[in-house]
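Protein chains: 2
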Amino acid sequence: MGALAAGEKVTRAAVAAEVGLARATVSTLVDELLAAGLVEERGAQRPGTVGRPGTALALSETGPAGIGAEIGVDHLAACVTDLRGRLRCRVQAPAANRGRPAPAVLAELAGLTALVTGQARDQGLHPVGTTVAVPGLVGRDRGIVLRAPNLGWENVPVAAALGPGTVVDNEANLGALAELWLGGHDRLADFVHVSAEIGIGAAVVVEGRLFRGARGFAGELGHVPVRPDGPLCSCGAHGCLETFAGEEALLRAAGIGAGRGPALRAAAAGGDPAALRALAEAGSALGIALSGAVNLLDPQAVVVGGPLADLAPWLLPGVRAELADRVTDRRWRPEDVVTSRLGSDGVLRGAAYSAVRTVLDDPARWIQKDERSQPAGV
Amino acid sequence: MGALAAGEKVTRAAVAAEVGLARATVSTLVDELLAAGLVEERGAQRPGTVGRPGTALALSETGPAGIGAEIGVDHLAACVTDLRGRLRCRVQAPAANRGRPAPAVLAELAGLTALVTGQARDQGLHPVGTTVAVPGLVGRDRGIVLRAPNLGWENVPVAAALGPGTVVDNEANLGALAELWLGGHDRLADFVHVSAEIGIGAAVVVEGRLFRGARGFAGELGHVPVRPDGPLCSCGAHGCLETFAGEEALLRAAGIGAGRGPALRAAAAGGDPAALRALAEAGSALGIALSGAVNLLDPQAVVVGGPLADLAPWLLPGVRAELADRVTDRRWRPEDVVTSRLGSDGVLRGAAYSAVRTVLDDPARWIQKDERSQPAGV
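Chains as they are written, first to last, in full-length UniProt numbering: chain A, 1 to 378; chain B, 1 to 378.
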């Protein structure tokens, strides 16, 4: 499954060569995967220059699928991806979730996930689980949101509200996983991923794995001190990155009303001096905080993703200038800061794909479950 | 070997129970280890409440040993530890290494390692390798110091000068490994270890492993920005932690002449107001930089070690106050900042023990090598 996930139109012979198993063994395994609907054949394929053409294999387009759901401060969204990580359907609804009672938010979100689940089934897909992205600290083992200040939530049991097979994770973590799995950066396995909606979140990927920290709270870049005597932050400390580069601070500095995030991008694109100044200063603050992160963690790259990716043209010069000045490793280059190609969809797609990855990671378990759930004789 | 390293007076039966192998298998393995001199018997031991007393086993006191060597800005040192991590001999010499030609420094260090190697052999130990601790960025694969600004070194081939079996590593990394292996903190597997001599270094331990970063340069806490418009640092940036809490800055703030590090501790112990003020301010700066690290990495604890441990009584109040204000995770407690019990010996002991750990990690390789190196018929 891993070899097929990584390749495009792979043959049994190519898989055997890659994983180091006998051709016959691979054929047997492939037959099982074909029978279970995890893999499909895609016609003849000539492997390199010599030999008989093999039959090309690919992960199934009509097999298991993952549901992703996203709770934003001003929107809700849900989507489905297949085993290949491709987006198969997606719905989004504007919503004023700040301070709104959690049960109402979760009921509306359940409606969206039911909608995309139906659409996925119509496309011949089998949803295997749901991952919910939230802007806050989560208790993953219990499926709860511990604290999401920008929603006004404390100890909200999200997974229980959405039914069995639901996992809850921090949006920054899922954005980083999307970058790792679907970002299209070759061999990028050690990076800091920064994203932001109202707050600023980051996630650290080390050797191709998400780094969660001892209690699961790693990545709080928004509360790294940038100017320790700076403005009071919502967290109670002074001069956190969020007070310089969070959406609220940015909109205020640009003279744009609170909650009108999209207007900032438009103002910057239109050359508005206040917006450009606000973004340049936010870029510097982000660069100062990231310098600390890069000096501590020595990643291959910094990836700017999520809604922040839309502002990258104006933020990146400041980010790169601070990193160039402050990173100790002289081999650090400005182009080691990259913008995600997934844009603001990264978090939602990462959520959906993380749900279906469980099948890639352990196909045998899914095959057994699948056999049990089918009527006798099929 | 791992079971014996972790336990005290362990029997064959206890090892079999712990590692899940048959008693007979464990006995065969133990016989091999006894024959190779890696393990020794220490008399009868009653395992719990019932059964025949077993023979207690322990890692050998006269088996393989590791040589540790340390290049400081104002000293050189070497030591030997045995398989149990116990310090068996140690020499130290004051030395003005800043700007001194590297060959002279390395020749003197080789003299010290030869001295302790002889002392180790006199105690029946068999040195298996040397690890050299340096205050700078190292290229471990090539055994060179890439850059050690406080020594004035660039691209110095340290391992080649000290002979085969020599590994070169950053002093902060070795201090952190010492804390992990020998620090005596129960179950401490995720922590940030801060140490300092002239510069300030840190190392990050994650799930019981040293985190090195993509290029091997992780842990540069000394160049995390604390006040971005602050004083110019030796690295070329402004307001790095080192400009507030490095030894030079500390001595200047305390009105003590450059290079007189030990005088600072004495002045603080004597209640000198300038020294106390300088240390309080350095503690705050350290706390600001560590707040960023804790928010990003979510470690179990911060350990203050190396020569910095001697100054902990005066630094820790400021460190703890900043962390209490700035760490997002509300469960973070002041007592999660601890002082290393290894004191300023941690780095050197970590170096020596890391050299002999290679035998713990792969006893079979050492047994084969040992057999080859013995005369025929023995």
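Every residue, glycine too, gets a C-beta built ideally from N, C-alpha and C. Keep in mind it's a predicted model, so treat the numbers as computed, not measured.
query: chain B partners of A:H223, CB-CB under 9 Å?
result: Taking the first residue of the first sequence as 1, we reach residue 223 of chain A at position 223. Correct list: S291, G292, N295, R326, V327 and T328.
Other residues of its chain near B:A5: CB distance less than 7 Å, five sequence neighbours each side excluded: Here residue 5 of chain B refers to the residue found at position 5 when the second sequence is read from its first residue. The residues are L59 and L360.
- request: Show which residues of chain A have a CB atom less than 8 Å away from the CB atom of B:P334.
  value: Working through the second sequence from its first residue, we reach residue 334 of chain B at position 334. Chain-order list of chain A residues neighbouring B:P334: empty, with the shortest C-beta distance near 15 Å, by a criterion of under 8 Å.
query: Under 9 Å between C-beta atoms, does A:I198 make it to chain B?
result: Counted from its first residue, the first sequence places residue 198 of chain A at position 198. Contact of A:I198 with chain B is not assigned, every C-beta pair being separated by 9 Å or more.
task: Leaving out five residues on either side along the sequence, give the residues of the same chain with a beta carbon under 6 Å from the beta carbon of A:F211.
output: Within the first sequence, the letter at position 211 stands for residue 211 of chain A. The beta carbon of A:F211 is closer than 6 Å to those of V204 and A218 in its chain, skipping five residues each way along the sequence.
field: the segment 349-363 of chain A / the segment 175-190 of chain A touching (three or more Cβ pairs under 8 Å)
entry: The segment 349-363 of chain A, when compared against the segment 175-190 of chain A, does touch it at the 8 Å Cβ threshold.
- prompt: Going along chain B, which residues have a C-beta under 7 Å from A:A237?
  reply: Sequence index remark: in the first sequence, residue 237 of chain A carries index 237 (1-based). Taking the beta carbon of A:A237 as reference, the chain B residues within 7 Å of it are D325 and R326, listed in sequence order.
query: Closest to A:P228 by CA distance: which of B:A102, B:G216, B:L286 and B:D310 is it?
result: Taking the first sequence and counting its residues from 1, one reaches residue 228 of chain A at position 228. Taking only the C-alpha atoms, the option nearest A:P228 is B:L286.
- prompt: Closer than 9 Å, Cβ to any Cβ of chain B: which residues of the segment 209-222 of chain A, in chain order?
  reply: When C-beta distances to chain B are compared with 9 Å, the residues of the segment 209-222 of chain A below that value are F211, R212, G213, A214, R215, G216, F217, A218, G219, E220, L221 and G222, in chain order.
message: Please report the distance separating the alpha-carbon of B:G292 from that of B:V327.
response: Working through the second sequence from its first residue, we reach residue 292 of chain B at position 292. Working through the second sequence from its first residue, we reach residue 327 of chain B at position 327. Pairing B:G292 with B:V327, the inter-Cα distance amounts to about 8 Å.
message: Under 9 Å, Cβ to Cβ, is there at least one residue of chain B near A:L137?
response: On the first sequence, residue 137 of chain A is found 137 positions in, with the first residue counted as 1. When Cβ-Cβ separations below 9 Å define contact, A:L137 makes contact with chain B.
query: Opposite A:A58 in the DSSP bridges: which residues?
result: For the purposes of this step, residue 58 of chain A is taken as the residue at position 58 of the first sequence. Beta-bridge partners of A:A58 (DSSP): A:E40.
field: Assigned exposure category for residue 381 of chain A - 16 Cβ within 10 Å defines buried
entry: The question about residue 381 of chain A has no answer, for chain A in this structure spans 1 to 378.
message: Using a Cβ-Cβ distance cut-off of 9 Å, determine whether B:D186 contacts chain A.
response: Taking the first residue of the second sequence as position 1, residue 186 of chain B is located at position 186. Not closer than 9 Å to any Cβ of chain A, the Cβ of B:D186 fails to qualify, so no.
- prompt: Which two residues bound the contiguous alpha helix (DSSP H) that contains B:Q119?
  reply: Working through the second sequence from its first residue, we reach residue 119 of chain B at position 119. Per DSSP, B:Q119 belongs to the alpha helix (DSSP H) from A102 to D122.
- prompt: Does the segment 338-351 of chain B come close enough to the segment 110-128 of chain B to have 3 or more Cβ pairs within less than 8 Å?
  reply: Judged by Cβ distances under 8 Å, the segment 338-351 of chain B makes no contact with the segment 110-128 of chain B, as fewer than three pairs qualify.
field: Counterpart residues of B:I144 in DSSP-defined beta bridges
entry: As a first step, residue 144 of chain B must be located in the second sequence, where it is residue number 144. Bridge partners of B:I144: B:G139 and B:P157.
message: Is A:P375 close to chain B? Criterion is C-beta to C-beta, closer than 9 Å.
response: Along the first sequence, one-based indexing puts residue 375 of chain A at 375. Its pLDDT being 44, under 50, A:P375 is placed unreliably by the model, and the measurement read from it follows with that caveat. Taking a beta-carbon distance threshold of 9 Å, A:P375 does not count as an interface residue toward chain B.
message: Assuming the contact rule is C-beta atoms closer than 8 Å, A:S195 and A:G72 should be a hit. Round their C-beta distance to whole Å, please.
response: Walking along the first sequence from the start, residue 195 of chain A turns up at place 195. Walking along the first sequence from the start, residue 72 of chain A turns up at place 72. A Cβ-Cβ separation of about 12 Å leaves A:S195 out of contact with A:G72 under the 8 Å criterion.
query: Name the DSSP beta bridge partners of A:I256, please?
result: As a working mapping, residue 256 of chain A is identified with position 256 in the first sequence. For A:I256, which the question treats as bridged, DSSP gives no partner whatsoever.
query: How about the segment 114-121 of chain B and the segment 94-106 of chain B: do they share at least three Cβ pairs that are nearer than 8 Å?
result: Counting C-beta pairs with one atom in each stretch, the segment 114-121 of chain B and the segment 94-106 of chain B have fewer than three that are closer than 8 Å, which means they do not touch.
task: Find the residues of chain A that neighbour B:R331, judging by a C-beta separation of less than 8 Å, and give them in chain order.
output: For this step, residue 331 of chain B is matched to residue 331 along the second sequence. Chain A residues near B:R331: R215.
The segment 69-87 of chain B contacting the segment 26-37 of chain B, beta-carbon criterion three pairs below 8 Å: The segment 69-87 of chain B vs the segment 26-37 of chain B: no contact.
task: Take A:E171 as the anchor and find which of A:A189, A:L188, A:L162 and A:G199 has the nearest alpha-carbon.
output: Against the first sequence, residue 171 of chain A aligns to sequence position 171. For the set A:A189, A:L188, A:L162 and A:G199, the Cα lying nearest the Cα of A:E171 is the one of A:G199.
query: Is it true that the CB of A:T113 sits closer than 9 Å to the CB of A:A69?
result: Translated into the one-based positions of the first sequence, residue 69 of chain A becomes position 69. Translated into the one-based positions of the first sequence, residue 113 of chain A becomes position 113. Yes.
task: May I ask you to report which of helix, strand or coil DSSP gives B:H126?
output: Within the second sequence, the letter at position 126 stands for residue 126 of chain B. Strand at B:H126.
query: So what does DSSP say about A:F217, is it helix, strand or coil?
result: Position 217 of the first sequence, counted from the first residue, corresponds to residue 217 of chain A. Looking at A:F217 - three-state DSSP - the assignment turns out to be coil, as it is neither helix nor strand.
- request: Using the Cα positions of B:A178 and A:L279, report the straight-line distance between them to the nearest angstrom.
  value: Walking along the second sequence from the start, residue 178 of chain B turns up at place 178. Walking along the first sequence from the start, residue 279 of chain A turns up at place 279. Spanning the two alpha carbons is a distance of roughly 45 Å.
query: How is B:P307 classed by DSSP in three states: helix, strand or coil?
result: The residue labelled residue 307 of chain B in the question sits at position 307 within the second sequence. In the structure shown, B:P307 sits in a helix (DSSP, three-state: H, G or I).
field: C-alpha distance - B:G213 paired with A:V294, whole-angstrom precision
entry: In the second sequence, residue 213 of chain B corresponds to position 213, counting from 1. In the first sequence, residue 294 of chain A corresponds to position 294, counting from 1. Their Cα atoms are separated by approximately 9 Å.
task: Assign A:G136 to one of two classes, buried (16 or more other C-beta atoms within 10 Å of its C-beta) or exposed (fewer than that).
output: If you number the first sequence from 1, residue 136 of chain A lands on position 136. Classification of A:G136: buried, given that the 10 Å Cβ count is 16 or more.
query: At which residues does the beta strand (DSSP E) containing A:N173 begin and terminate?
result: Residue 173 of chain A sits at position 173 when you count from the first residue of the first sequence. No beta strand (DSSP E) contains A:N173, which is instead part of the alpha helix (DSSP H) from E171 to L182.
message: Please classify B:R187 as buried or exposed, where buried requires at least 16 neighbouring CB atoms within 10 angstroms.
response: Numbered from its first residue, the second sequence carries residue 187 of chain B at position 187. With fewer than 16 Cβ atoms within 10 Å of its Cβ, B:R187 is classed as exposed.
query: Between B:A133 and B:D74, which are expected to be in contact by the criterion C-beta below 8 Å, what is the C-beta distance as a whole number of angstroms?
result: Start at 1 with the first residue of the second sequence, and residue 133 of chain B comes out as number 133. Start at 1 with the first residue of the second sequence, and residue 74 of chain B comes out as number 74. Rounded, the Cβ-Cβ distance is 14 Å, inconsistent with contact.
task: Taking C-beta pairs closer than 8 Å, name the residues in chain A that B:I67 reaches, listed in chain order.
output: Walking along the second sequence from the start, residue 67 of chain B turns up at place 67. In chain order: nothing, as chain A lies at least about 28 Å away.
- prompt: How about residue 387 of chain B and B:L311: are their beta carbons less than 9 Å apart?
  reply: Since the first and last residues shown for chain B are 1 and 378, residue 387 of chain B lies out of range.
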